[in-house]
Amino acid sequence: MIAISDVGKSFATRRGPVAALDGISVDVHTGEFLSLLGPSGCGKSTLLRLVIGLLEPDRGEIRVGGRAPSALRRAKQFALVPQTPALLPWRTVRQNALLLTQVNRAGSGGPATDAIGLLEEVGLGEFLDAYPHELSGGMQQRVALVRAFALGAPLLVMDEPFAALDEITRSQMRYLLLRLWEHHQATVLFVTHSIAEAVMLSDRVVVMTGRPGRVAHIEEIALPRPRHAAQEESPEFFALATALRHALHAEVM
Numbered sequence: 019m020i021a022i023s024d025v026g027k028s029f030a031t032r033r034g035p036v037a038a039l040d041g042i043s044v045d046v047h048t049g050e051f052l053s054l055l056g057p058s059g060c061g062k063s064t065l066l067r068l069v070i071g072l073l074e075p076d077r078g079e080i081r082v083g084g085r086a087p088s089a090l091r092r093a094k095q096f097a098l099v100p101q102t103p104a105l106l107p108w109r110t111v112r113q114n115a116l117l118l119t120q121v122n123r124a125g126s127g128g129p130a131t132d133a134i135g136l137l138e139e140v141g142l143g144e145f146l147d148a149y150p151h152e153l154s155g156g157m158q159q160r161v162a163l164v165r166a167f168a169l170g171a172p173l174l175v176m177d178e179p180f181a182a183l184d185e186i187t188r189s190q191m192r193y194l195l196l197r198l199w200e201h202h203q204a205t206v207l208f209v210t211h212s213i214a215e216a217v218m219l220s221d222r223v224v225v226m227t228g229r230p231g232r233v234a235h236i237e238e239i240a241l242p243r244p245r246h247a248a249q250e251e252s253p254e255f256f257a258l259a260t261a262l263r264h265a266l267h268a269e270v271m
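Mapping of the sequence shown onto the numbering used here: position 111 corresponds to residue 129, and the numbering continues sequentially without gaps.
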């Protein structure tokens, strides 16, 4: 689905160019849930923007479904879930959930999903006519997830979507995301700072170095699916979390 080959990216500053990424190479398979884990400022969000064509690499190549990211963007082949829900305050829950399917009338290359049915599935059936300011942070992020999945795009790009939530709500949201993803099977590229989140959600986790970001380690997550909360207490989960913690700690140090 995604082929990233020897990608480098720098940004101009008043003190000269700053390298954000250096020699990143990784493939993401169709239907895979792949997470990027690394220290703050290592270029994880920059890599996401390169994949969806919002930035151009200085060197190397990115292909998504065999095409350039700019073609992916024009064909409405991805949905982005940012750190904040980015709901329009003058639109109701129902209207926000339908927004991408209404704006992208040319289609996403995949079948659109019933947004209202998804809202009911995630427990928002009683809030269809509520406005964003009437919702909690977790409820707003549920709307953002539904909006992305409803588009039917084959690629979902998620940039720390649960970072602003409290720990209890964040845990609930990752299992909600699991249910949605296991049902719809989109390819997901996911940025997180949470080791537990990365282990529970992912097929593989890419640990990145500090700036400039490089691939330091790739961990296969062999936990059986469908996954559930009890697995977080298993020896297998603990071993995977420990391996990622050690890899991440080595980069931070």
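Quick reminder that beta carbons are idealized off the backbone N, C-alpha and C, glycines included.
Here the structure is a predicted model, which means the values were calculated and not measured.
| message | Which same chain residues end up closer than 8 angstroms to A38 when comparing Cβ atoms and leaving out the 5 residues on each side of it in sequence? | response | As a working note, residue 38 is residue 20 in the sequence shown. The answer, listed in chain order, is K27, S28, F29, G61, T64, R229, P230, G231.
| said: Between which residues of its own chain and Q158 is the CB-CB distance below 8 angstroms, once the five residues before and five after are set aside? | reply: Stepping through the sequence shown from its first residue, residue 158 is reached at position 140. Cβ neighbours of Q158 beyond the five flanking positions: P103, L105, P150.
| field | Secondary structure of G156, DSSP reduced to three states | value | The residue you call residue 156 lines up with position 138 of the sequence shown. In this structure, G156 counts as helix in the three-state DSSP scheme.
| task | Would you mind working out which of I186, E50, D40 sits nearest A234, comparing C-alpha positions? | result | Along the sequence shown, one-based indexing puts residue 234 at 216. Of the candidates I186, E50, D40, the one whose C-alpha sits nearest the C-alpha of A234 is D40.
| task | Note down the Cα distance separating E74 from P87, rounded to an integer number of angstroms. | result | Within the sequence shown, the letter at position 56 stands for residue 74. Within the sequence shown, the letter at position 69 stands for residue 87. In a straight line, the C-alpha of E74 is about 9 angstroms away from that of P87.
| Hey, out of V224, P244, D147, whose CA is closest to G56's CA? | In the sequence shown, the residue the question calls residue 56 occupies position 38. Among V224, P244, D147, the Cα nearest to that of G56 belongs to V224.
| What separation, rounded to the nearest whole angstrom, lies between the Cα atoms of P172 and R91? | The count along the sequence shown starts at 1 and reaches residue 172 at position 154. The count along the sequence shown starts at 1 and reaches residue 91 at position 73. Roughly 12 angstroms separates the two Cα atoms.
| Simplified DSSP state of H235, which is helix, strand or coil | Counting from one through the sequence shown, the residue named residue 235 turns up at place 217. H235 falls in the strand class under three-state DSSP.
| task | With DSSP collapsed to three states, give me the class of R33. | result | For the purposes of this step, residue 33 is taken as residue 15 along the sequence shown, with counting starting at 1. Coil at R33, not helix or strand.
| query | Taking Cβ to Cβ, would you say L66 is nearer than 7 angstroms to V175? | reply | Locating residue 66 in the sequence shown gives position 48, where the first residue counts as 1. Locating residue 175 in the sequence shown gives position 157, where the first residue counts as 1. It is a contact, given that the beta carbons lie within the stated cut-off.
| task | May I have the straight-line CA-CA distance separating L136 from V164, to the nearest angstrom? | result | Here the question's residue 136 lines up with position 118 in the sequence shown. Here the question's residue 164 lines up with position 146 in the sequence shown. Rounded to the nearest angstrom, the two C-alpha atoms are 6 angstroms apart.
| request: Indicate whether the contact test is met: 3 or more Cβ pairs, each with one atom in the stretch 108-121 and one in the stretch 181-191, closer than 8 angstroms. | output: no
| query | With DSSP run on the structure shown, which of helix, strand or coil describes G105? | reply | Start at 1 with the first residue of the sequence shown, and residue 105 comes out as number 87. The sequence as given places Leu at residue 105; Gly does not occur at that position. Three-state DSSP puts L105 in coil, outside helix and strand.
| message | Assuming the contact rule is C-beta atoms closer than 8 angstroms, V161 and L54 should be a hit. Round their C-beta distance to whole Å, please. | response | As a first step, residue 161 must be located in the sequence shown, where it is residue number 143. As a first step, residue 54 must be located in the sequence shown, where it is residue number 36. Wrong, their Cβ atoms sit about 24 angstroms apart, outside the cutoff.
| request: Inspect the beta-carbon positions of E50 and D221 and report whether they are closer than 7 angstroms. | output: On the sequence shown, residue 50 is found 32 positions in, with the first residue counted as 1. On the sequence shown, residue 221 is found 203 positions in, with the first residue counted as 1. Their beta carbons are under 7 angstroms apart, which means E50 touches D221 by this criterion.
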